[in-house]
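Take any residue in the sequence shown, note its place counting from 1, add 30, and you have its number in the numbering used here.
For every residue, glycine included, the Cβ atom is placed at its ideal position computed from N, Cα and C.
Remember, predicted model here, so these are calculated numbers, not experimental data.
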Amino acid sequence: MKFDLNTIKRGEIEKADLEFTIDFDSIDYYGDILNIIKPIEVKGTIYNVGKRIFLTSNIKAELEVNCGRCLKDFIYPMTTKMNVELIEEGEINKDNDMDDIIVYEDNIIDFDIIIKEEIIANTPMKALCSDDCKGLCSTCGANLNLNTCQCNSNNYDNIDPRLEKLKQLLD
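Structure follows, in structure tokens:
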């Protein structure tokens, strides 16, 4: 979705309320694919204060991601807020905090790009299916949330010979 800033920049209106959805199938997340379960909901306001234009918005999305411990796919609900200043490409200077601005050109804001970047920035690198996820057994690879494995995690008999001296401290 694209939004034309001309009416706000000319002062014809002070603010524009936004409410729309963006339907992506997936987003490239540093080489992984984030599947988007349902359309992303965006509600916000673009407003003019003096000669400065600001955007505040709430973004809701549901992503299918892999658990960082057990590797199971699960639905990750995301809600994030965005409060940024909109600056035309030629008006950027070194005093601008680049984290809090969105650069636009030709008085057009492309929300598809902005929302994708916001989703990527707010998706955890290692999302967990639950806070008490037990993960995978480091020996046999069993999902410890579903099964108990026959491996004894305290079995020190199969220790690396280079660490034999440390084993003696455990005895």
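Grab me the residues of residue i's own chain with a C-beta within less than 8 Å of its C-beta, minus the 5 sequence neighbours each way, in chain order.
i, result
"C100", "C159, C163, K164, G165, L166, N173, L174 and N175"
"A46", "F33, T37, I38, T75, I76 and Y77"
Quick check on residue i: does DSSP put it in helix, strand or coil?
i, result
"N175", "coil"
"P69", "coil"
"K195", "helix"
"T169", "coil"
Give me the residue from the options with the minimum Cα distance to residue i.
i, options, result
"Y60", "P154, R192 and E194", "P154"
"I143", "D58, N177, E42 and N36", "D58"
"E148", "T109, I83 and N177", "T109"
"C170", "L196, E118 and C181", "C181"
Ordered along the chain, which non-local residues of its own chain (more than five positions away) have a Cβ less than 7 Å from that of residue i?
i, result
"C97", "F104, A157, L158, C159 and C163"
"D130", "V114 and E115"
"V133", "I117, E119 and I122"
"R82", "E115"
What residue range does the beta strand (DSSP E) around residue i cover?
i, result
"K32", "K32 to D34"
"K90", "R82 to N96"
"N113", "D103 to E118"
Following the continuous alpha helix (DSSP H) through residue i, name the residue where it begins and the one where it ends.
i, result
"N152", "F141 to N152"
Using C-beta distances below 6 Å, list every residue in its chain close to residue i, excluding the 5 sequence neighbours before and after it, in chain order.
i, result
"E71", "T51 and K90"
"T178", "none"
"D53", "P69"
With a threshold of 7 Å, establish whether the CB of residue i neighbours any heavy atom of the ligand NAP.
i, result
"D130", "Although the ligand NAP was asked about, the structure shown includes no ligands whatsoever."
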